[in-house]
Amino acid sequence: MPPNTADPQLVDTLVVANRILAQQGIVDGFGHVSVRDPHAPDRFLLSRSLAPAQVTRADIMRFDFEGNAVDGDTRAPYLERYIHSEIYRARADVQAVVHSHSPSVIPFGATRQPLRPLYHMSGFIGVASAIFEIREAGGNTDMLIRDALLGAALARSLGDRSVVLMRGHGSTVVGNSVEQVIYRAIYTEMNARLQMQALGLGDPVFLNEEEAHLAAGVNDAVMRRAWDLWVAAVGPIA
Ligand SMILES: [Zn+2]
Numbered sequence: 017m018p019p020n021t022a023d024p025q026l027v028d029t030l031v032v033a034n035r036i037l038a039q040q041g042i043v044d045g046f047g048h049v050s051v052r053d054p055h056a057p058d059r060f061l062l063s064r065s066l067a068p069a070q071v072t073r074a075d076i077m078r079f080d081f082e083g084n085a086v087d088g089d090t091r092a093p094y095l096e097r098y099i100h101s102e103i104y105r106a107r108a109d110v111q112a113v114v115h116s117h118s119p120s121v122i123p124f125g126a127t128r129q130p131l132r133p134l135y136h137m138s139g140f141i142g143v144a145s146a147i148f149e150i151r152e153a154g155g156n157t158d159m160l161i162r163d164a165l166l167g168a169a170l171a172r173s174l175g176d177r178s179v180v181l182m183r184g185h186g187s188t189v190v191g192n193s194v195e196q197v198i199y200r201a202i203y204t205e206m207n208a209r210l211q212m213q214a215l216g217l218g219d220p221v222f223l224n225e226e227e228a229h230l231a232a233g234v235n236d237a238v239m240r241r242a243w244d245l246w247v248a249a250v251g252p253i254a
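Number 254 marks the last residue of the sequence shown (the numbering used here); no jumps.
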């Protein structure tokens, strides 16, 4: 059963967001997207453990900041729901979170080289992405954020930035809406691919802090155009 206290329109938006991430190649069988419940800011919506391309309205669950399902929901949740719970706890400005293993980002995490904004579309990266080293927080692990302690350490590494690379694992992106976080997840992957190419050619000139800030402002104002295109491409969710 979908959470009966959640806004049905927001549930639909979250389902569409799952489908967009899958269609754009940001997630495959793994990865997830969540949104904070605007009616209960200490709750968030996230699918049950399911490949994002297969998520329907009925699969959306509600969680508290301990990572526990509410509404008496006993279905199997994602192991890594603590990524979401601890970032929402730490960052009141964050309304939506995407966690993925999108491939072009992995080499940057592994070499602990931050992403930097190579072009205007990725101005939201700011000066640079953050980097999370799980060994510092948990020693040798299976690399997953499977408890609140690791989730809190990840949120600390993220700090006030929009993207955190997770060494040997993937990345997590935050935004002030579902639409914004989807845009950011897609262009984080794109920037990684382009940054890799640019590094192969020479010494790239990245956007500086002010350029990044200005470009991000424009993109926030016009990103609806891209969102509408992605929504149309996934088609009806029923
Ligand atoms: Zn993961």
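All residues carry an ideal CB built from backbone N, CA and C; glycine is no exception.
Residue burial classification, residue i (beta-carbon count within 10 angstroms, cutoff 16)
i: H55; result: exposed
i: L223; result: buried
i: R35; result: buried
i: A33; result: buried
i: P57; result: exposed
i: T188; result: buried
i: D53; result: buried
Rounded distance between the beta-carbons of residue j and residue i, thought under 8 Å
i: L30; j: P68; result: Contact doesn't hold; Cβ gap of about 10 Å is too wide.
i: H100; j: V113; result: 5 Å
i: A248; j: R183; result: Between R183 and A248 the Cβ distance is about 36 Å, and since that is not below 8 Å, they are no contact.
i: S145; j: M212; result: Wrong, their Cβ atoms sit about 14 Å apart, outside the cutoff.
Residue i Cβ short of 7 Å to ligand 1 heavy atom set
i: H100; result: no
i: L160; result: yes
i: E149; result: no
i: E96; result: yes
i: H136; result: no
i: F60; result: no
i: G186; result: yes
Residue i to residue j span [Cα, whole Å]
i: P123; j: E205; result: 11 Å
i: L245; j: H48; result: 21 Å
i: A153; j: L174; result: 13 Å
i: A92; j: M77; result: 10 Å
i: S138; j: A228; result: 8 Å
i: E102; j: G167; result: 5 Å
i: M17; j: N84; result: Reliability fails at M17, whose pLDDT of 48 lies under 50, so the model's placement of it is uncertain and no value is given.
i: T157; j: E149; result: 11 Å
i: P19; j: F79; result: Its pLDDT being 49, under 50, P19 is placed unreliably by the model, and the measurement read from it follows with that caveat. For P19 and F79, the distance between alpha carbons rounds to 10 Å.
When the options are compared against residue i, the one with the closest alpha-carbon
i: M239; options: P119, V86, Y203 and A169; result: Y203
i: V27; options: G251, I103 and V51; result: V51
i: D176; options: A106, Y199 and H136; result: A106
i: G155; options: A169, G45, A144 and Y98; result: A169
i: P252; options: N192, R73, L134 and Y98; result: R73
i: E96; options: H117, V110, A108 and G88; result: H117
i: A108; options: F81, Y94, L134 and T90; result: F81
i: D23; options: V32, L61, F46 and G41; result: L61
Contact with chain B by residue i, beta-carbon distance below 8 Å
i: L131; result: Absent here is chain B; the protein component of the structure consists of one chain.
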